[in-house]
Structure formats: C-alpha cells, structure tokens
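If you read the sequences in order, they're chains A and B. So the working numbering is basically just the index in the first sequence, starting at one, shifted up by 9. So the working numbering is basically just the index in the second sequence, starting at one, shifted up by 1. C-beta atoms are modelled at their ideal positions from N, C-alpha and C, and glycine is treated no differently. Worksheet: the structure to be examined is printed underneath.
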Amino acid sequence: MAVLETPRASHRVRVRRTPLTWLRGGGLSNLLFAVPLLFVFGAFSWWPIVQAIVMSFQKTNLVTPALFVGLDNFARVLGDPLFLTAVRNTGYFALLALFLGYPVPLVVAVLLSEVRRWKGLFSALAYLPVVVPPVVAVLLWKFFYDASPTGVFNVVLGWFGIGPQPWIQSAASAMPSLVLEATWAAAGGTIIIYLAALTSVAPELYDAAEVDGASVWQKIWHVTLPQLRGVLLITLILQIIGTSQVFLEPFLFTGGGPANSTITILQLIYNYAFQNSLGGNYGAATALSIMLAVFLAVLSFVYFRVTKAWSTN
Amino acid sequence: MKSAFRVATAGIAVVATMAALAGCTAPKPAADNQKVSISVVSLIPGSKQEAFDAFDAQVKQFEKANPNITVTPQEYEWTGPTFAAQLAGGTLADVYTIPFTDGKTLIENGQLADITSLVKALPYADKFNPKVVNAVQDSKKNFYGIPIAAYGSALHYNRALFTAAGLDPDKPPTTWDEVRADAKQIAEKTGQAGYMQMTQKNTGGWQLTTATYARGGRVETTTNGKTKVTLDNAGTKDALQFLHDVRWVDNAAGSNFLFDWGSINQAFGAGQIGMYTSGSDIYTNLVQSQNLDPKDYGMTVIPMKGKNAGTLGGGTIATVNIKATAAQKAAAVKWIDFYYMKKLTNKSAAVLDAKTLDASAQPVGVPVLPVFDKKTLDTSRAWIKPYFNVPIDQMAGFSNGILSQVPVGEPSAHTQELYGALDTVVQAVLTDKNADIDALLKSATANVQAIVDAG
Chain A
10 MAVLETPRAS HRVRVRRTPL TWLRGGGLSN LLFAVPLLFV FGAFSWWPIV QAIVMSFQKT
70 NLVTPALFVG LDNFARVLGD PLFLTAVRNT GYFALLALFL GYPVPLVVAV LLSEVRRWKG
130 LFSALAYLPV VVPPVVAVLL WKFFYDASPT GVFNVVLGWF GIGPQPWIQS AASAMPSLVL
190 EATWAAAGGT IIIYLAALTS VAPELYDAAE VDGASVWQKI WHVTLPQLRG VLLITLILQI
250 IGTSQVFLEP FLFTGGGPAN STITILQLIY NYAFQNSLGG NYGAATALSI MLAVFLAVLS
310 FVYFRVTKAW STN
Chain B
2 MKSAFRVATA GIAVVATMAA LAGCTAPKPA ADNQKVSISV VSLIPGSKQE AFDAFDAQVK
62 QFEKANPNIT VTPQEYEWTG PTFAAQLAGG TLADVYTIPF TDGKTLIENG QLADITSLVK
122 ALPYADKFNP KVVNAVQDSK KNFYGIPIAA YGSALHYNRA LFTAAGLDPD KPPTTWDEVR
182 ADAKQIAEKT GQAGYMQMTQ KNTGGWQLTT ATYARGGRVE TTTNGKTKVT LDNAGTKDAL
242 QFLHDVRWVD NAAGSNFLFD WGSINQAFGA GQIGMYTSGS DIYTNLVQSQ NLDPKDYGMT
302 VIPMKGKNAG TLGGGTIATV NIKATAAQKA AAVKWIDFYY MKKLTNKSAA VLDAKTLDAS
362 AQPVGVPVLP VFDKKTLDTS RAWIKPYFNV PIDQMAGFSN GILSQVPVGE PSAHTQELYG
422 ALDTVVQAVL TDKNADIDAL LKSATANVQA IVDAG
C-alpha cells in the first residue's frame, strides 16, 4: 500500500495550485480573457435569473422597497382561475402545433430534397417567412384573418362557395388560426435543419433500397426517417419548449381573447406584470415564470432520459 | 472544477465591484440658476408632423422664457401595460400624464413625487374644482400632480355613415333604443358596424362601466370602508343584453370584436364604425393620428336610462417623476404651468397657445369639462373663440347636454382588475351567441371580490 501511495502523493503535490502557481500558469490572463464573457452572462443572464427567483418570493412594485411574502405569490398563481385556463390553452396550442406544425417542415424538407431543379429557389421560398419580422407577419395575417366577407381568406373561401369564417374573432377558431400562422412563420427554420440532416443520409442506403425494389414511401419510411431520428427528437423537444412559451401570436393577434380563449401561460405572466397600470404583480409574474421554467427543465430531462436509447440505437 | 469555480467567483466579484461603483454616482442638488434639463411627454406616436411642429414651437417659447431650462420632448401614449413597464423600469419622462383612475393608488404606493410646495405657489392652487383636485391629493391634501383636463363620456358618431344610411347627422340618437335602431340602419345600408364598443386591455370594462352608469347601475359600492363588487347589477345586465342584441339580433356590430382605445379610434377614423362610446377628449387623436375628416365627426351625450343614471367622468393628471431632482421638479412644475395650465387661467397665454395650434392646423376649441369652475372655463374659451377651428356645431349635442348629466367617478377599488374581468365578459357576449350573461357576471363578481378582499 505504501508503495502505491507514494507516487499518488507526489502526483498530488505536483498538481496542487497555490495563488503563485496559478499566477505563473497564466491564470490571471485567463481570467482577464474570461471577464467580458462573465460580465455579459452575469449581467444579462445569470443575475436576472437570480433576481427573478428572489422576486418570486417578494411583493414589489419596483419603486418602493420590496417585502418578502414567502410562498404567497405561488399560492396566488395556483389559486387564480385563469391559471388552469392558461395551462389548458397552452397545451392546446402545443398539441395543435404538434399535429400541424411538426410534420409540415419534415414533409416539405423531404419533398425539397427530391427536387432536382430550382432547389435553391424553393428552399429560399420555404425560408422566406422566417426573415419576415414577426410583428409584420402578424399584422399581415390580421388582414388575411379579417372576419368580414371582404377579408382575404374569406374571399378565397367564397370562391369555393364557403361562407365567411370568424377566424380570430371566435373562441372556437382563434387558437387554430394562431397555430396556422405560427406554423407558417416558423416552418422555414426547421425545414433548413431537416434539409441539412438529409444531406448526411448515405446515398448507398437509398441505392440498396432501390435494388430491393422499395417504393418512394418505403424509402422515406425505412431509410430517411430512421436516419433523421436524432434530429427529429431534438426538434420535437425544441418545439414542445417553444410552444410552451408561446406569447407573440396571442399577444399581437387577440390579446388572449376572445373571452380568454387564447390566453397562454406567457400571456398570463405578462398580464400579471403589466396589465395593471398601477404597478403589476411582479411577484406573481416571476413565480409563474419559475414554475414554467422548472416544468420545462424537468420535462426536458425526462424526455432525454426516455429517448436516449432511441436516438443512439 | 475548482479552477472554474475560482474564475467564476473572481468574475462575479468584478461584476459586483463594477455594479457598486456604478451605484456610487449620486445626483447633486442644483443651484437656482443652474442649467436644468427635463424630459416631458409630448404627443402620441404617429401624430401628424404639424402637431409636432406646434409642440416644438411651444417648447421654444418656454425655453425662451426660462433660459436655464432645457426641455426634451418624448413621444408618449398612456396605455396600462406600457405605463406599468415604464414606471417599473424608470423610463418615464420627468413630466408625464396619467388618468384620474390611477392617481390615488399611485399616491398611496409612493410612486408619485410630492410637489405640494411648488403647486401651492401657483396662483390658482386653491381654485381647483374639489372633485377634480381630489384625484391628485393624499389625505393630508398634499399635491402629487396637477389636474390638467377633465372629460365626460360621450357618444361619437360618423356623420358620413349617418348620411349614407339615410339618417340625419344633426339628430343623433337620444335613447338606447334609438342607438340600436340607427346602428341597424347603418349596418344594413353601409355594410359597416353600426355600433361597437371597446373590448381589450381593460377598456372593455371601462366602457361597460360607462354603459352601466348610463343605465343607473354601479359596479362597486363602499360601505364603512368595505367594498362590495356588484358587477351582476341590473344596469350591467341591460348594457350587455343591448350589446348582445346589436351583435346577434341586428347583426350591426361588424365583424371585429377585439378593440382597445387606439384600435377603435383607428377603425372609427377609417369609417368602419358608425357609433361608439369613449371619453369626450378624443377628437384631437382622431384628427391628428387617425386622419378623420373633421366634417365626418359628430359627438353627443350618452343616453341616460332609469333612476340613478349618470355619466362616467374622468380626466388627466400631469405628474412629476419621483426620480427627478429638486431642480428638475421645480422646472417640471413650471412646464406643467406653462403648457397645460396657463391657457386656462391667463388670457395672453391662452391666445398664444391657440394661435400656435391654429397656425399648425391643430384643433382649437374642442369641448372640455371644467378643471376649476364653469365660469373660469367659459372665460378661457371666450378668449380663444376667434381661433376655434373645430366643428363646434357638430359637437353641440355633447356641449349642450353634458353639464345636466350627473357625473359619477370611476370605481375606486382595484379598478384595473375589475375592468380586466369585464373585458372577458364583453368579449364573450360579442363572440358567443349563447353566452350566459348572468353566469358570466356572477363569476366575474366572485373573482373581482376575491381580489378586493385580498387587499
């Protein structure tokens, strides 16, 4: 044992750092290089997170001194009748986006990958909505969604003998309308990711499938999708996280209406903080933000644990 | 890992030190003759260039009279959410305006600057209408702002749509039944919304409260300091039933049911709405920002129905940023006196203001309610009568009727939350044909009462 311990002890002596060795080893210059990064992350990312956690236990209007109120803010949020409505609406948005928004980019990417001519043009057209500023896109779609018979979509429907639809002016159709626009606006980014992933699929696999007499659909099902498995799993969790934080569409299109039918968790957070001009309930807003962040962190952790085997095998 | 921890610790120490150093910069008090800069709110974003020119001209007049003060105008539109963010973020101008609704609570919360000594030095400090000045004072009668304008509720109507629908624009409706009949006729003849109300960002509740008062209802009652929320009163039910019938029976409410103050003004300015209710002070916005042709504008009083019917009144307060230095506070009150108040109390100032606005083709002579008393108001309006350039005759229905209506203040307890809860009810009635008005109001009453009871 003694024989074994001696070299370990000497090793420990060699690597032990004192301020002097740290300085001689270039520690100071390393620190100086890291300071801007630490400052930026500290000031704009970590510090606000710490502040938000502290604020979730406070009653404050950000002008007069804050008061610690324990878990009151969390109780207030959980007791708010709108909380369940917001959770339900957010889940509904996520579900609709999953059925509509998730497969669309994949289908478009697969189709685009099969295109032989004008591929660049089609890719650019598919990506175009992403470069339109989101607020401009929403204003544009507000014209499309005009519920009067002269609204763009209603005129188009009229060509097929279908009467004017209320779109965002009805509790029943407001949320699907928001998902439709959100899908249009975001699909381009995901299409590009899928197109990039598709280039990594070995052509030999398609050749082998063709030799085996596979049809186009069989090639997609048995070659393309399994090869994209890793990317698909990542985009799925990103979509779930993204849709759980949906804010822009309900805020700009409907303000959470009609009659709270599109109020989402982030819109509720916004309302807690800013709806009341007299100084919002920043404590409740941060409490709900923390709850959402913890939920998404746990969800992501579980998701990656569950899908680890699928993405590696 | 230890190394990383040390680096992180050192980084945080650096950040903390920098933050501490930044915090060491304290404002120094200014001497009387020292140069002072203040920022003041000007016009709402999107106003016409002529309006900004007129404002800039007034800034120059002020700076000429007060050479040690520099004024920086800042575009501003009061909305609940943006105001809350600006207040919390400390980005409000040194002089800004708020509605009467918020005065009391902001004073109680310690969010407004105490400008008592500065206001009391003004010659008209003890001449304010007691009901109006109450909005800017605490229980010790200290001043936290200056009331600069008071308004009543009004029914605004588009004369062009009235004419197109075969109605006489000089005979606006005087009862709610007439409002409904005219709205139906406008919708049938022009295809536009005959009547609509605001529904979003707490304005739906604000206007439903207006409609409730007009039918004799009240949304809150306070006895021995205890507030009872009474959203399920007969007046509110009647107002919602009216809205339901306009929308679902007459199909006269158009197809857009998500409006706030700005967007309904925009729709009205674009000729998409025949009638709507709002404060009596919106003419300037409609002309400056919404390109409304003045000859198309008409304003009358809101019809009163039943016992205890009243008109919801309100107004605007000019306040000083709580973060302003003593010198800035003094300069700020001077600006408020110059820009908002002198034209109400001093003939030469009133004429200069009217001349400046008229030269830039900005509205002069829009009917207002008295901040002091009716006699002072009439006198100040007589001074500038030669410069009136707004279609006063088209507002005669309001001017002749408003002072005979009973003014009722806004609900005092948790006003914004109450309005927000009513937004949902108004939207439900307009978008769901089978909306259960009683159930909606019962639920909203319980929710708001819980907020009021929680304090």
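(request) Taking only beta carbons into account, state which residues of the region 77-91 of chain B come closer than 9 Å to chain A, listed in chain order. (result) Trp79, Thr80, Gly81, Pro82, Thr83, Phe84, Ala85, Ala86, Leu88, Ala89, Gly90, Gly91
(request) With 7 Å as the limit, tell me which residues of the region 236-269 of chain A have their beta carbon closer than that to any beta carbon of chain B; keep them in chain order. (result) Thr263, Gly264, Gly266, Pro267, Ala268, Asn269
(request) Starting from the Cα of B/Gly311, find the closest Cα among B/Ala188, B/Gln406, B/Gln329, B/Pro412 and give me that residue. (result) The residue you call residue 311 of chain B lines up with position 310 of the second sequence. Looking at the Cα atoms, B/Gln406 is the closest of the given residues.
(message) Let me see if you follow: with CB-CB separation under 8 Å, is A/Thr73 close to chain B or not?
(response) Taking the first residue of the first sequence as position 1, residue 73 of chain A is located at position 64. Judged by the 8 Å Cβ criterion, A/Thr73 is in contact with chain B.
(request) Can you tell me which of B/Ala166, B/Thr237, B/Lys65, B/Gly217 puts its alpha carbon nearest to the alpha carbon of B/Asp424? (result) Along the second sequence, one-based indexing puts residue 424 of chain B at 423. Of the listed residues, the one whose Cα sits closest to B/Asp424 is B/Thr237.
(request) From the DSSP output, read off the bridge partner residues of B/Glu418. (result) The residue you call residue 418 of chain B lines up with position 417 of the second sequence. DSSP lists no partner for B/Glu418.
(request) State the DSSP-derived secondary structure class of B/Gly24, mapped to helix, strand or coil. (result) The sequence position of residue 24 of chain B within the second sequence is 23, counting from 1. Caution is warranted here: a pLDDT of 37 is assigned to B/Gly24, below 50, making its placement in the model unreliable, and the coordinate value is therefore given only provisionally. Note: B/Gly24 maps to helix in three-state DSSP.
(message) Determine, for A/Thr15, whether the minimum Cβ-Cβ distance to residues of chain B falls below 8 Å.
(response) Residue 15 of chain A sits at position 6 when you count from the first residue of the first sequence. Confidence at A/Thr15 is low in this model, with a pLDDT of 46, below 50, so the placement of that residue should be treated as unreliable; the coordinate-derived value is given next. Not one chain B Cβ lies under 8 Å of A/Thr15.
(request) Identify the continuous beta strand (DSSP E) that holds B/Asn159 and give its terminal residues. (result) As a first step, residue 159 of chain B is located in the second sequence; it is residue number 158 there, counting from the start. Taken as a continuous stretch (DSSP letters only), the beta strand (DSSP E) holding B/Asn159 covers 154-159.
(request) Could you name the residues of chain A that B/Gln417 contacts, counting a contact when the two beta carbons are closer than 8 Å? (result) As a working note, residue 417 of chain B is residue 416 in the second sequence. The answer, in chain order, is Gln284, Asn285, Ser286, Leu287.
(request) Please say whether B/Ile265 and B/Met199 have beta carbons closer to each other than 8 Å? (result) Sequence index remark: in the second sequence, residue 199 of chain B carries index 198 (1-based). Sequence index remark: in the second sequence, residue 265 of chain B carries index 264 (1-based). Cβ distance < 8 Å, so B/Met199 and B/Ile265 count as in contact.
(request) Could you check which residue in B/Lys348, B/Thr80, B/Tyr420 has the C-alpha nearest to that of A/Thr283? (result) Here residue 283 of chain A is taken as the residue at index 274 of the first sequence, counted from 1. The sequence shown places Phe at residue 283 of chain A, rather than the Thr named in the question. Among B/Lys348, B/Thr80, B/Tyr420, the Cα nearest to that of A/Phe283 belongs to B/Thr80.
(message) Just to confirm the assignment, what range does the beta strand (DSSP E) spanning B/Met197 have?
(response) Within the second sequence, numbered from 1, the residue matching residue 197 of chain B stands at position 196. Here B/Met197 belongs to no beta strand (DSSP E), and DSSP marks it neither H nor E.
(message) Short of 8 Å in beta carbon distance, which residues of its chain neighbour A/Ser5, apart from the five on each side in sequence? Order them along the chain.
(response) Residue 5 of chain A lies beyond the residue range present for chain A, which begins at 10 and ends at 322; the question has no answer from this structure.
(request) Give the interface partners of A/Gln178 over in chain B, defined as CB-CB distance under 8 Å, in chain order. (result) As a first step, residue 178 of chain A must be located in the first sequence, where it is residue number 169. Per Cβ cutoff of 8 Å: Ser256, Asn257, Phe258, Leu259, Thr432.
(request) From the DSSP output, read off the bridge partner residues of B/Thr278. (result) Counting from 1 along the second sequence, the entry for residue 278 of chain B is found at position 277. B/Thr278 is bridged to B/Leu156.
(request) List the residues that DSSP assigns as beta-bridge partners of B/Ser40. (result) In the second sequence, counting from the first residue as 1, residue 40 of chain B sits at position 39. B/Thr73.
(message) Bridge partners for B/Phe144 per DSSP, in chain order?
(response) Stepping through the second sequence from its first residue, residue 144 of chain B is reached at position 143. In DSSP, B/Phe144 forms a bridge with B/Gln138.
(request) Please classify B/Gln406: does DSSP put it in a helix, a strand, or coil? (result) For the purposes of this step, residue 406 of chain B is identified with residue 405 of the second sequence, where counting begins at 1. Three-state result, B/Gln406: coil.
(request) Taking B/Tyr97 as part of the beta strand (DSSP E), name the residues at either end of that continuous run. (result) Start at 1 with the first residue of the second sequence, and residue 97 of chain B comes out as number 96. Start and end: 96-100.
(request) Taking all protein chains shown into account, decide if B/Ser413 is buried (16 or more other Cβ within 10 angstroms of its Cβ) or exposed. (result) The count along the second sequence starts at 1 and reaches residue 413 of chain B at position 412. With fewer than 16 other Cβ atoms within 10 Å, it is exposed.
(message) Quick check on B/Ile452: does DSSP put it in helix, strand or coil?
(response) Within the second sequence, residue 452 of chain B is the residue found at index 451, counting from 1. DSSP places B/Ile452 in helix when its eight states are reduced to three.
(request) Go through its chain and collect everything with a Cβ distance to B/Lys188's Cβ below 6 Å, but skip five positions before and after it. (result) By one-based count along the second sequence, residue 188 of chain B stands at place 187. Residue identity check: residue 188 of chain B is Ala in the sequence provided, not Lys. If we look at B/Ala188 and ignore the five residues flanking it on each side, its Cβ neighbours are Gly195, Ala253.
(message) Once the 5 residues before and after B/Thr117 are set aside, which same chain residues still bring their CB inside 6 Å of it?
(response) Numbered from 1 along the second sequence, position 116 holds the residue referred to as residue 117 of chain B. Within the same chain, B/Thr117 has close Cβ partners Asn143, Phe144.
(request) With a threshold of 16 other CB atoms inside 10 Å of the CB of B/Ile393, please say whether the residue is buried or exposed. (result) Working through the second sequence from its first residue, we reach residue 393 of chain B at position 392. Looking at its Cβ environment, which holds fewer than 16 other Cβ atoms inside 10 Å, B/Ile393 is exposed.
(request) Out of B/Val430, B/Gly307, B/Phe389, B/Asp454, point me to the one whose CA is closest to B/Arg248's CA. (result) Sequence index remark: in the second sequence, residue 248 of chain B carries index 247 (1-based). The shortest Cα separation from B/Arg248 among B/Val430, B/Gly307, B/Phe389, B/Asp454 belongs to B/Val430.
(message) Quick check on DSSP: helix, strand or coil for B/Lys386?
(response) Here residue 386 of chain B corresponds to residue number 385 of the second sequence, with the count starting at 1. In this structure, B/Lys386 counts as helix in the three-state DSSP scheme.
(message) Taking CB distances under 8 Å as the criterion, tell me whether B/Leu442 reaches chain A.
(response) Counted from its first residue, the second sequence places residue 442 of chain B at position 441. No, its Cβ sits nowhere closer than 8 Å to a Cβ of chain A.
(request) Using a Cβ cut-off of 7 Å, pull out every chain A residue sitting near B/Lys202, in sequence order please. (result) The residue labelled residue 202 of chain B in the question sits at position 201 within the second sequence. The answer, in chain order, is Gly264.
(message) Run through chain A and tell me which residues come within less than 9 Å of B/Ile149, C-beta to C-beta.
(response) Residue numbering aside, residue 149 of chain B sits at position 148 when the second sequence is read from its first letter. Result: empty, since nearest Cβ-Cβ is about 18 Å, beyond 9 Å.
(message) Let's see if you can read the secondary structure: which residues bound the alpha helix (DSSP H) around B/Lys227?
(response) Along the second sequence, one-based indexing puts residue 227 of chain B at 226. Here B/Lys227 belongs to no alpha helix (DSSP H); instead the beta strand (DSSP E) covers 227-230.
(request) Along the alpha helix (DSSP H) that carries B/Met305, what are the first and last residues, could you check? (result) For the purposes of this step, residue 305 of chain B is taken as residue 304 along the second sequence, with counting starting at 1. Unbroken run through B/Met305: none, as it is neither H nor E.
(request) State whether the region 290-302 of chain B contacts the region 263-277 of chain B, with contact taken as three or more CB pairs (one from each stretch) at a distance under 8 Å. (result) yes
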